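First the structure, in the form of structure tokens, and then the observations on it.
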Amino acid sequence: MEKELLLECQRNDRNAQRKVYEKMAGKLYTVCKRYLKNDEDIQEVLADTFYKIFTKLNQLQNHDIFEAWAKKIAVNECLQKLRSMKALNVSLEEDFVESTGSPTDSISFEKDILKLLNFLPEGCRAIFNLFAIEGYPHKEIATMLSISEGTSKSQLNFARKKLQELLVNHNI
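Numbering-wise (this note's numbering), the sequence shown opens with residue 6 and increments by one.
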């Protein structure tokens, strides 16, 4: 992201904020889609994310890390949304969520994987995303979600097994 554009955003320049939104909305939507199923929830989280980005931008010391910083805000907003929905009741006994639809073979592999994530229970999906996609260690995930490291590890293992089953069953 261009430093000058971000400085204009810090000065509350609406045109600059619109440009940043246009550049980042697609990327952040994809991040949110990995955590949330409902498009209304995703749009709500995106709005909250951009609000936080634009109101906290003056706290960002290094503009070179803007995209990573914005992505982290989006992840945190998704987790906050999941907590508010009381969907992060992570337990090994949680039933595997079946969907009435099935993944289609006509979509690219990456989109198929993202679609398959929607078949996981909310807690498992959040942990899988945080570990496998975002790269957080189990200790940090445990802190973020107020769970034990062991629960994080077991839920990641559960998510991996379910994703493997889905990949085999749907020939992806």
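Note that CB positions come from ideal geometry on N, CA and C, so glycine has one too.
None of these values were measured; they are calculated from a predicted model.
What does a CB cutoff of less than 7 Å around Val36 pick up in its chain, not counting 5 residues either side in sequence?
Reading the sequence shown from its first residue, position 31 is the one you call residue 36. For Val36, where only same-chain residues beyond five positions count, the Cβ hits under 7 Å are Lys76, Ala79, Val80.
Out of curiosity, what's the CA-to-CA distance linking Met29 and Met6?
Walking along the sequence shown from the start, residue 29 turns up at place 24. Walking along the sequence shown from the start, residue 6 turns up at place 1. In a straight line, the C-alpha of Met29 is about 9 Å away from that of Met6.
Here's the rule I'm using: 16 or more other beta-carbon atoms within 10 Å means buried, otherwise exposed. How should Asn134 be labelled?
Mapped onto the sequence shown, residue 134 falls at position 129. Buried.
What's the C-alpha gap between Lys61 and Leu10?
Taking the sequence shown and counting its residues from 1, the one referred to as residue 61 is at position 56. Taking the sequence shown and counting its residues from 1, the one referred to as residue 10 is at position 5. Their backbone Cα atoms lie some 15 Å apart in a straight line.
Going by the C-beta, is Leu161 closer than 7 Å to any heavy atom of the ligand MN?
Absence of the ligand MN is noted for the structure shown, with no ligands found whatsoever.
If the criterion is Cβ atoms closer than 8 Å, does the pair Arg39 and Ile138 meet it?
For the purposes of this step, residue 39 is taken as the residue at position 34 of the sequence shown. For the purposes of this step, residue 138 is taken as the residue at position 133 of the sequence shown. Yes; because the gap between Cβ atoms is below 8 Å, this pair is in contact.
Output the distance between the C-alpha atoms of Ala164 and Arg88, rounded to the nearest integer angstrom.
The residue labelled residue 164 in the question sits at position 159 within the sequence shown. The residue labelled residue 88 in the question sits at position 83 within the sequence shown. Distance between the alpha carbons of Ala164 and Arg88: 19 Å.
Cβ atoms of Lys86 and Asp46: under 8 Å apart, would you say?
In the sequence shown, residue 46 corresponds to position 41, counting from 1. In the sequence shown, residue 86 corresponds to position 81, counting from 1. Contact: yes.
CB Asp53 to CB Glu82, shorter than 8 Å?
Start at 1 with the first residue of the sequence shown, and residue 53 comes out as number 48. Start at 1 with the first residue of the sequence shown, and residue 82 comes out as number 77. Yes. Within cutoff.
With a threshold of 7 Å on Cβ separation, who are the neighbours of Phe59 within its own chain once the five nearest residues in sequence on each side are excluded?
In the sequence shown, counting from the first residue as 1, residue 59 sits at position 54. Excluding residues within five positions, the ones whose Cβ falls inside 7 Å are Cys14, Gln22.
Go ahead and pull the three-state DSSP assignment for Gly128.
Position 123 of the sequence shown holds residue 128. Looking at Gly128 - three-state DSSP - the assignment turns out to be helix.
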